[in-house]
Amino acid sequence: MEIDKIKKIEKNKGFKRSFFSKLVWRKYALVPPALVLFVSLFGVVYMYNTDRLLSYYCLPFIVLLLISTIWFKSTRKYLINQDVGNSQDFVLCLVLPLFKERNKQFYLFNTGANRFNKFFLEKAKSDILEDKEQYDTVLKTLKKNTFVRLDDEDVCITSDLKFNKGFLAFKVKHDDSKFLAYYGESKIKAVSSKEIMSFL
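Sequence positions in the sequence shown follow the working numbering and run 803 to 1002.
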């Protein structure tokens, strides 16, 4: 996969919509419609089990089920469109493994102009490994899906990224490369190769 094609995907609204649709479930705005949908569905199932599905008793649950379904779908769509509209800083970044320590794998990436420059990242990696003790305190505080920016090296370090088979393991010019998405308010997340390939 060529770098130019990946840059085009960064601006593809269809790709962004697909990406954010997998994150929308974490938002609290979906909780109220989901609860109402669950209650109405439970009511319909209960009426079916008591052989009153075709009675007037079931009518309120059916109406509530329809309303909650529309509410849930429209809220989900609104949240996804909102994320897509606010994703001007959405970029894909090349990731290099830095080192492994205490069963924790650390990774290196850049969110700026050098985010696809493997030589730049390799040099930064070499500089960091030469003086690793300098960053020990910072790296110990890293949590999942967070990162720390090293201004002196112009790179970021993260850990515990899941690069399993099928996730970010596609080839760029015969070189196994891994990528992550950097978006709104300094958030990061893995992007599956299947997602990227489907938009090429």
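Glycine included, each C-beta is placed from N, C-alpha and C at the ideal position.
- Under DSSP, I959 shares a beta bridge with L910 and V950.
- Using a Cβ distance threshold of 7 Å, F908 and I959 count as a contacting pair.
- In the structure shown, the three-state DSSP call for F892 is coil.
- Taking C-beta atoms as the reference points, L923 and I808 fail to come closer than 7 Å.
- If you draw a straight line from the Cα of F874 to the Cα of D953, it comes to about 43 Å.
- Under the three-state reduction of DSSP output, A836 falls in the helix class.
- Contact between the stretch 988-1001 and the stretch 933-942 is not established, with fewer than three Cβ pairs separated by less than 8 Å.
- In this structure the stretch 913-922 does not lie against the stretch 841-857, because fewer than three pairs of beta carbons, one per stretch, are closer than 8 Å.
- Under the three-state reduction of DSSP, L982 is assigned to strand.
- Three or more Cβ pairs closer than 8 Å define a contact, and the stretch 880-897 meets that threshold against the stretch 811-818.
- Looking at the DSSP output, L898 shares a beta bridge with L910.
- Contact between V886 and K818 is confirmed by a C-beta separation of about 5 Å, below the 8 Å threshold.
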